[in-house]
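**Q**
There are 2 protein chains.
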Amino acid sequence: MPADGPARRPVIPGAGRMPVPDLAVDRIASAPGAARFPESEEHVGRVTLQTVADKVGVSRMTVSNAFSRPDQLSAQLREKILAAADELGYTGPDPSARALARGATGSVGVLLSNSTATAFSDEVASAFFGAIAHTLNESGLALTLLSSEPSGEVVPARDVAMDGVIVYNCDPASGAREQVVRRGLPIVNVDQASEAGTPGVNVADREGARAAARHIVELGHTKVALVTKSGEPPYGIVDPGEADRHRASDGYASIERLAGWTEALEEAGVTPVVYRLPIDAMGGHGAILAEILEAAPDTTAVLAFSDVIAADIVLEAQDSGIDVPGRLSVVGFDDNPLALRLRPQLTTVRQDVSEKGRLAASMLVDAVRSRRAGGDASPAASVTLPTELVIRGSTGPPFEAPGA
Amino acid sequence: MPADGPARRPVIPGAGRMPVPDLAVDRIASAPGAARFPESEEHVGRVTLQTVADKVGVSRMTVSNAFSRPDQLSAQLREKILAAADELGYTGPDPSARALARGATGSVGVLLSNSTATAFSDEVASAFFGAIAHTLNESGLALTLLSSEPSGEVVPARDVAMDGVIVYNCDPASGAREQVVRRGLPIVNVDQASEAGTPGVNVADREGARAAARHIVELGHTKVALVTKSGEPPYGIVDPGEADRHRASDGYASIERLAGWTEALEEAGVTPVVYRLPIDAMGGHGAILAEILEAAPDTTAVLAFSDVIAADIVLEAQDSGIDVPGRLSVVGFDDNPLALRLRPQLTTVRQDVSEKGRLAASMLVDAVRSRRAGGDASPAASVTLPTELVIRGSTGPPFEAPGA
DNA sequence: CACCGCTACTGTAGCGGTACAGAAGCCCGC
DNA sequence: GCGGGCTTCTGTACCGCTACAGTAGCGGTG
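Going line by line, the protein sequences match chains A and B.
Just so we're aligned, residue 1 is where the first sequence starts under my numbering, counting upward by one.
Just so we're aligned, residue 1001 is where the second sequence starts under my numbering, counting upward by one.
1. Strictly under 7 Å for the Cβ-Cβ distance: is residue 1236 (chain B) near chain A by that measure?
2. Quick check: is the beta carbon of residue 1159 (chain B) nearer than 7 Å to any beta carbon in chain A?
3. Let me know the secondary structure DSSP gives residue 278 (chain A) once reduced to three states.
4. Compare the Cα-Cα distances from residue 1129 (chain B) to each of B:1252, B:1112, B:1393 and report the closest residue.
5. For the alpha helix (DSSP H) holding residue 388 (chain A), just list the boundary residues, first then last.
6. Taking only beta-carbon positions, decide if residue 129 (chain A) is within less than 7 Å of chain B.
7. State the DSSP-derived secondary structure class of residue 1249 (chain B), mapped to helix, strand or coil.
8. Considering only C-alpha positions, which residue in the set A:301, A:288, A:79, A:305 is nearest to residue 270 (chain A)?
9. Report the three-state DSSP secondary structure of residue 228 (chain A) (helix, strand or coil).
10. Is residue 1107 (chain B) helix, strand or coil by DSSP?
11. Can you check whether the C-beta of residue 1316 (chain B) is within less than 7 Å of a C-beta belonging to chain A?
12. Measuring only between beta-carbons, confirm whether residue 1137 (chain B) sits less than 7 Å from chain A.
13. Judging by CA-CA distance, which residue of A:57, A:125, A:199 is the nearest neighbour of residue 78 (chain A)?
14. Quick one: residues in its chain with C-beta nearer than 7 Å to the C-beta of residue 139 (chain A), no 5 flanking neighbours on either side, listed in chain order?
15. Given this structure, state the Cα-to-Cα distance separating residue 62 (chain A) from residue 1337 (chain B), to the nearest angstrom.
16. Any Cβ of chain B within less than 7 Å of the Cβ of residue 333 (chain A)?
17. Count the other CB atoms within 10 Å of the CB of residue 297 (chain A); is the residue buried (16 or more) or exposed (fewer)?
18. Smallest Cα separation from residue 1096 (chain B): which of B:1090, B:1105, B:1207?
19. Which residues, taken in chain order from the region 1096-1111 of chain B, show a beta carbon closer than 7 Å to some beta carbon of chain A?
20. At what residues does the alpha helix (DSSP H) containing residue 348 (chain A) begin and finish?
21. Confirm the yes/no value for this check: CB of residue 230 (chain A), any heavy atom of the ligand ATP, distance under 6 Å.
22. Taking Cβ-Cβ distances shorter than 8 Å, what residues in chain A pair up with residue 1122 (chain B)?
23. Looking at the unbroken beta strand (DSSP E) that takes in residue 119 (chain A), where does it start and where does it end?
24. Using alpha carbons as the reference points, say which of A:253, A:190, A:160 lies closest to residue 304 (chain A).
25. Report yes or no: is there a C-beta of chain B within less than 7 Å of the C-beta of residue 91 (chain A)?
26. Report the neighbours of residue 199 (chain A) on chain B: residues whose CB is nearer than 7 Å to its CB, in chain order.
27. Let me know the secondary structure DSSP gives residue 200 (chain A) once reduced to three states.
28. Assuming the contact rule is C-beta atoms closer than 8 Å, residue 92 (chain A) and residue 1158 (chain B) should be a hit. Round their C-beta distance to whole Å, please.
29. Which residues in the same chain as residue 319 (chain A) place their Cβ atom closer than 7 Å to its Cβ, once the five residues preceding and following it in sequence are excluded?
30. For residue 1255 (chain B), collect the residues of the same chain with a Cβ closer than 7 Å to its Cβ; drop the 5 residues on either side in sequence, then sort them by chain order.
31. Using beta-carbon positions only, say whether residue 1107 (chain B) and residue 1145 (chain B) come within less than 7 Å of one another.
32. Grab the span of the alpha helix (DSSP H) containing residue 65 (chain A) for me, first residue to last.
33. DSSP three-state label for residue 53 (chain A), please.
34. Mind checking whether residue 194 (chain A) and residue 176 (chain A) have CB atoms under 7 Å apart?
35. Should the region 343-358 of chain A be regarded as contacting the region 379-388 of chain A, the criterion being three or more beta carbon pairs within less than 8 Å?
36. Between which two residues does the alpha helix (DSSP H) harbouring residue 1292 (chain B) extend?
Next comes the structure, spelled out in structure tokens:
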């Protein structure tokens, strides 16, 4: 029997929790008779589904459906409800409450390496995020940036509501990634050592680096310097013994690129000079080339971890009268737009970061969707995107010393 | 007496809602990620506070306190609870549930102009986001990127859970900003026409542009072209009548910079040629200069909306044998790192985007905090950051035509 | 006219937490 | 020996919404 009274009223809305209980009670007590609020009817606390339901005289559920499942009620009633909601200033279901009830938040996280600040350091990284954001957006998901570094009591990887996570080039030591795994969220790894069972997107960094080094070797260079990035000291020119020591904190890309270079150089019997740059250096690199040339004056080619670094080296060379590529060949990595802005244009290894972002995002979207559907989605295979050597003007045959 | 029976158990946790209860249970038990927990006791559904509470034999509230308010229980018991939680694979309070109960989500949004993809188009924008992310992170907040464009049924500005919003250079026509206002969230505007009552951060775009134009005028230029950005056609060279028509969709910065330029030029009696570029153009601009010179062959100076555009113009000039600054002076805007990578280095108008981001973020943090504290915080005043003309090598006196 | 299949709406029972107001035990001082 | 002031835990009452299983009404049917 539905006759057992009108729809239930919210129990002293807003009271009991708010810091002003007395006032609230007071208001409630006098509300029925005297509507001293300009608001059409009295209605005190927050506007909720119930508020709207009461106004229209339907059940709360019907209002919910009006917003979230239009096919569940007549168009006519829906209009009426929406109008009432609008009048009350009700904007739609509270996202937090909805997230709890539905078990989905509508946003996914990107877990970044420790410093959120440097994640955007160059155009390439930015293009990657742009692609992710765009792809997610198409699926109606928002993107939340997560630092893998806790701040105070808050550990983003643990405390932020989300439906899935893209783990991007994230120091494994931080433990943030593990946190996400334990939460049982769908994950896609990017630029990250691949892990069994977790889908991931990587680029053929190693192969690209190898191609770059081969290109240099084929041009005839034998005195080669590598400029890489590292998560921990020592920085600068590195002792030969240290040169190919890999540390997880260097970042996956660094490790792979360095490996690719050295593999190809070894094949050719070339032993490079290695210069390590702090991983969070943000351009405006000072005198890298000067240091290299001091340690190895006969260097004729430099392979750099990124185009940004390569550009700095080219400029440093030019500013000190060293011709590129006449006396020094320089190869970058990424095919940053700036490679084309440099004169000579930069020889580099292209990777398609937009595609990387797009792919990672859509893989995650799939994972989130299939989980939501209850399906036990096969953990999508990992993908490796190709790299491509792009030869431009910054490389050429080595300088023949006049005296040779 | 609390002896009236053990704490209540959750009623068939996880069941009754999942579309595929059997499968779901199955999955939990066998999922690769979940399997590695020793699972002391069997326990199927989701692990919640109650699960842990039952295991330790305390109330749910005490477990909650162990995680969220350590000072509310003895260190000893807390340890015990944490250990039990760990053993059960309980990661900590569910963020969604917590958000609902606490009324705070722990993340704030950045509402972007329609295209999330181009928001990151250059290093300057990226630095801005980096600064925001970093500052928020220090306060334990995550950053959620919101497109002002709905996608399907989802309207980010309405449907994403957050505690506050930074509205960044957002097309007012999209209505997204209004949505946020209606939700009653704290707001900080950035690069946005200021609005009464809402705090905001702006830069002195107009003054900076004026300084740039004055610089050009003082060098003696009288044939000047402006390259601006616009949200809608016509693009390219614009009829004189159209030149200073402002449209909200052009973006606040465009409007202000254009205004600054024209003000200063007018003072000097100079009527510029205006070239409009689509607002979402992402660099690699084709033949802007060629078009300008075709329309006004005697142009000796170009004022560009951004350094990226300016750089493209400088390169275009150089590639077609036009000396900069000998025959053409070019001024950018922003003081993008690339301004220093260009040869000659670019004369530009510096704005401190990192500071802009930092400031916007901390203003929002304050607003969110004071709201949470119940305080009805005065709506922090708006701030305008200074700009500064930085004269480098890309500008000089106008070319004296040999025949003159 | 009981029976069926619809559509349109409603009630119940959560989602997984947290705030707040107890209540129990305990040490203190008078 | 008793009220008071801790510290440490517990119970209740929500936060605002959604899933699911009804229940009503209603036209068509055999």
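Each residue gets a CB set at the ideal place from its N, CA and C atoms; glycine is no exception.
Quick caveat: nothing in here was measured; it's all calculated off a predicted structure.
**A** Put simply:
1. With 7 Å as the cut-off, residue 1236 (chain B) does not count as an interface residue toward chain A.
2. Chain A has a Cβ within less than 7 Å of the Cβ of residue 1159 (chain B).
3. Looking at residue 278 (chain A) - three-state DSSP - the assignment turns out to be strand.
4. Its Cα nearest to that of residue 1129 (chain B), the residue B:1112 stands out among B:1252, B:1112, B:1393.
5. Boundaries around residue 388 (chain A) are those of the beta strand (DSSP E), 387-390, since no alpha helix (DSSP H) includes it.
6. Taking 7 Å as the threshold, the shortest C-beta distance from residue 129 (chain A) to chain B falls below it.
7. Three-state result, residue 1249 (chain B): helix.
8. Checked all of A:301, A:288, A:79, A:305; the closest Cα to residue 270 (chain A) is A:301.
9. Correct three-state label for residue 228 (chain A): strand.
10. The DSSP-derived three-state label of residue 1107 (chain B) is strand.
11. Chain A has no Cβ within less than 7 Å of the Cβ of residue 1316 (chain B).
12. Yes - at least one Cβ of chain A is within 7 Å of the one on residue 1137 (chain B).
13. Cα-wise, what sits closest to residue 78 (chain A) is A:57.
14. So the list reads 365, once near-sequence residues are dropped.
15. Computed Cα separation, rounded: 56 Å.
16. Closer than 7 Å to the CB of residue 333 (chain A) there is not a single CB belonging to chain B.
17. Residue 297 (chain A) is exposed by the Cβ-count criterion.
18. Taking only the C-alpha atoms, the option nearest residue 1096 (chain B) is B:1105.
19. Within the region 1096-1111 of chain B, the qualifying residues are 1096, 1097, 1099, 1100, 1105, 1106, 1107.
20. First-last for residue 348 (chain A): 348-351, but that is the beta strand (DSSP E), not the alpha helix (DSSP H).
21. Questions concerning the ligand ATP fall outside what the structure shown contains, since it holds no ligand whatsoever.
22. In chain order: 123, 126.
23. Residue 119 (chain A) -> no beta strand (DSSP E), and no H or E assigned at all.
24. When only C-alpha atoms are compared, the closest one is A:253.
25. Residue 91 (chain A) counts as touching chain B.
26. By Cβ distance, chain B contributes nothing, its closest Cβ being about 12 Å from residue 199 (chain A), past 7 Å.
27. Per DSSP, reduced to three states, the secondary structure at residue 200 (chain A) is strand.
28. Approximately 5 Å separates the beta-carbon atoms of residue 92 (chain A) and residue 1158 (chain B); this is inside 8 Å, confirming the contact.
29. No residues qualify anywhere along the chain.
30. Contacts found: 1246.
31. Not in contact: residue 1107 (chain B) and residue 1145 (chain B) (Cβ atoms no closer than 7 Å).
32. Taken as a continuous stretch (DSSP letters only), the alpha helix (DSSP H) holding residue 65 (chain A) covers 60-68.
33. Reduced to three states, the DSSP call for residue 53 (chain A) is helix.
34. In this structure, residue 176 (chain A) does not lie closer than 7 Å to residue 194 (chain A) by Cβ.
35. At 8 Å Cβ cutoff, the stretches touch.
36. Run containing residue 1292 (chain B): 1288-1295, per the alpha helix (DSSP H) assignment.
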